[in-house]
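**Q** Numbering (this note's numbering), first residue to last: 7 to 437. A virtual CB, placed ideally from N, CA and C, is assigned to each residue, including glycine. Submitted below is the structure of interest, expressed as structure tokens.
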Amino acid sequence: MKITSVKGFHDVLPDESARWQWIEQQARDLFARYAFAEIRLPIVERTELFSRSIGETTDIVEKEMYTFADRDGASLTLRPEGTASLVRAYVEHALHQHAAVSKLFYLGPMFRRERPQKGRLRQFAQIGVEAIGREDAAIDAEVLLLLHDLLAALRVRGAQIELNSLGCAACRPAYRAALLAYAEAHRAVLCENCGRRVERNPLRLLDCKDRACRESTADAPVTLEYLCVPCRTHFDTVRALLAREDVRPRLNPRMVRGLDYYCRTAFEVVAEGLGAQNAVGGGGRYDGLIKELGGPDSPGIGFALGVERLVLAVAEPDAARSSPPEVFVAPMGSAAEAEAMHLTHRWRGDGMRVEIASGGRSLKSQMRLADKVGSPYVLILGEDELAACALTVRDMVAKQDFPRAIGLSSSTAALREALAQLPRSTVEPRA
Ligand code: AMP
């Protein structure tokens with residue numbers, strides 16, 4: 007019987023992986039310009055790291071983690087997100103002692119046992135950034151500008167940043183009390199989930215997925231109405247700094263994010279073409295988290311984008327195509343094959359993209375192959391060419407042959423030069 011992949015765990019096939027690489031490259035380029043450095047984190051962590059940081063009453067911790075007992079009995083979990091691991095590493099290696107501010111990014115797979123559907127997998131990849139050590143509004147604006155620039159570089163269709171402020175330890179209690187009083191008065195219309203956890207985590211009520219529950223709590227109080235003066239100033243400053251750069255996120259007072267550790271600035275990115283799962287990313291400020299995980303009382307802010315959803319939402323598939331070989335070598339017979347292998351190895355060593363066929367195939371089938379991989383030139387090496395110590399070039403665009411046009415001892419530079427010098431016929435290049 008054939009063994010298939012596990013539900014919710016996907017292969018990324020070569021056609022698609024070119025787009026992944028392009029997305030990652032755009033992100034890496036931009037992160038370098040914004041002075042963020044890469045951190046590579048393990049996939050397995052102690053379960054406690056996530057229950058303590060993400061929150062016991064969140065969907066992730068309640069029912070989505072891949073948790074297992076290690077052979078020594080330790081409870082381990084496949085990471086469902088990157089921030090907790092990054093903060094764990096920050097604290098463990100005392101990164102605050104190296105620099106007052108750490109600006110870090112990560113790329114890699116995350117695991118959540120959600121119900122799989124379009125754009126929702128059980129293993130998915132995230133690209134995330136975190137800036138730890140500054141609490142001023144300017145760093146929030148810088149992180150949001152980075153997000154905005156990345157969405158623009160990737161040409162994400164219909165990308166829209168939604169912004170909210172969740173307040174802080176000073177203004178949350180009054181808000182929480184107001185929301186609890188509201189929930190109490192509306193208990194009869196809350197969905198089962200909200201009814202069960204509203205006391206432990208009232209904020210969850212605002213982003214409940216149950217439509218009826220959402221609609222019947224449309225007039226619930228929101229955090230923006232309860233911000234203390236410092237939180238209000240912080241929020242207004244972030245928006246003013248962004249507006250100066252012509253970046254105007256849409257306010258969404260009901261967006262609270264699915265994780266407990268956020269405070270003040272919170273945001274999400276929605277995009278077109280994704281169906282029901284229209285969020286490509288999200289993030290926010292998490293000032294208490296580093297201390298909660300045993301580190302100094304450092305503030306932090308960051309975001310994560312889902313790569314599978316970006317792949318669905320980027321508007322420029324052409325830019326993400328893989329590059330075809332510059333030349334395709336077609337040897338005829340075993341003596342030619344050995345010589346062709348030698349030439350190919352030399353050219354590849356000099357940085358050229360070269361594909362080589364098997365000397366046992368007919369020329370016709372080699373041409374079909376060259377056509378399939380999209381190489382503009384085929385270099386034919388048969389008996390005549392071996393005897394003459396020169397390759398025949400077929401220009402696949404012009405459909406023209408140049409018998410024994412390039413010497414076998416040509417350097418890579420001479421080969422490139424000779425190909426560029428070939429007279430082009432008037433045939434239009436193929437699309
Ligand atoms: P979150 O921190 O949960 O908002 O996740 C950030 C981003 O990761 C989301 O906006 C998605 O793009 C992506 N993401 C989260 N969960 C999944 C999933 N199960 N499958 C695919 N992408 C996901």
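If the criterion is Cβ atoms closer than 8 Å, does the pair Ser91 and Glu148 meet it?
**A** no
**Q** Would you call the segment 116–129 and the segment 200–217 touching, i.e. three or more CB-CB distances under 8 Å?
**A** no
**Q** If contact is defined by three or more beta carbon pairs under 8 Å, each pair taking one atom from either stretch, is the segment 149–169 in contact with the segment 53–62?
**A** no
**Q** For His104, is the classification buried or exposed, using 16 other Cβ atoms within 10 angstroms of its Cβ as the cut-off for buried?
**A** exposed
**Q** As an exercise, report each continuous beta strand (DSSP E) stretch of at least 3 residues that is fully enclosed by the segment 230–289, in chain order.
**A** Annotation note: the segment 230–289 contains the following uninterrupted beta strand (DSSP E) runs of length 3 or greater, listed N- to C-terminal: 269–276.
**Q** How about the segment 71–85 and the segment 35–42: do they share at least three Cβ pairs that are nearer than 8 Å?
**A** no
**Q** Going by beta-carbon coordinates alone, are Gly88 and Gly134 separated by less than 8 Å?
**A** yes
**Q** Spatial neighbours of Tyr188 within its chain, please: CB distance less than 7 Å, with the 5 preceding and 5 following residues excluded, ordered by chain position.
**A** Ala226, Pro227
**Q** Check whether the Cβ atoms of Gly125 and Arg367 sit closer than 8 Å, and answer yes or no.
**A** no
**Q** Taking 8 Å as the limit between beta carbons, can you name the residues of its chain near Ile45, skipping five residues before and five after?
**A** Leu92, Ala95, Leu110, Phe111, Tyr112
**Q** Taking 7 Å as the cut-off, is the beta-carbon of Val149 closer than that to any non-hydrogen atom of the ligand AMP?
**A** No, the beta carbon of Val149 sits no closer than 7 Å to any heavy atom of the ligand AMP.
**Q** Of all the options Leu311, Gln283, Tyr383, which has the alpha carbon lying nearest to the alpha carbon of Pro409?
**A** Tyr383
**Q** Do you know how far the Cα of Ser329 is from the Cα of Arg400?
**A** 19 Å
**Q** In three-state DSSP terms, what is Phe37?
**A** Looking at Phe37 - three-state DSSP - the assignment turns out to be helix.
**Q** Could you say which of Lys297, Leu295, Val276 lies nearest to Gly287 if we only look at CA atoms?
**A** For the residues Lys297, Leu295, Val276, the minimum Cα distance to Gly287 belongs to Val276.
**Q** Classify Phe15 as helix, strand or coil using the three-state DSSP reduction.
**A** coil
**Q** If you draw a straight line from the alpha carbon of Glu391 to that of Ser415, how long is it in whole angstroms?
**A** 12 Å
**Q** Which residues mark the beginning and the end of the alpha helix (DSSP H) in which Ser222 is found?
**A** 217–222
**Q** In the DSSP assignment, what are the bridge partners of Tyr188?
**A** None, per the DSSP bridge assignment.
**Q** Compare the C-alpha of Leu151 against each of Phe273, Gly139, Cys174 and name the closest.
**A** Phe273
**Q** Quick check on Ser201: does DSSP put it in helix, strand or coil?
**A** The displayed chain sequence assigns Gly, not Ser, to residue 201. In this structure, Gly201 counts as helix in the three-state DSSP scheme.
**Q** Count the other C-beta atoms from every protein chain shown that fall within 10 angstroms of the C-beta of Glu251, then say buried if there are 16 or more, exposed otherwise.
**A** exposed
**Q** Between which two residues does the beta strand (DSSP E) carrying Thr83 extend?
**A** 81–84
**Q** Compare the C-alpha of Ser59 against each of Tyr268, His154, Gly79 and name the closest.
**A** If we check each option's Cα against that of Ser59, Tyr268 comes out closest.
**Q** Following a CB-centred definition, is Ala75 positioned closer than 7 Å to any heavy atom of the ligand AMP?
**A** No, the beta carbon of Ala75 sits no closer than 7 Å to any heavy atom of the ligand AMP.
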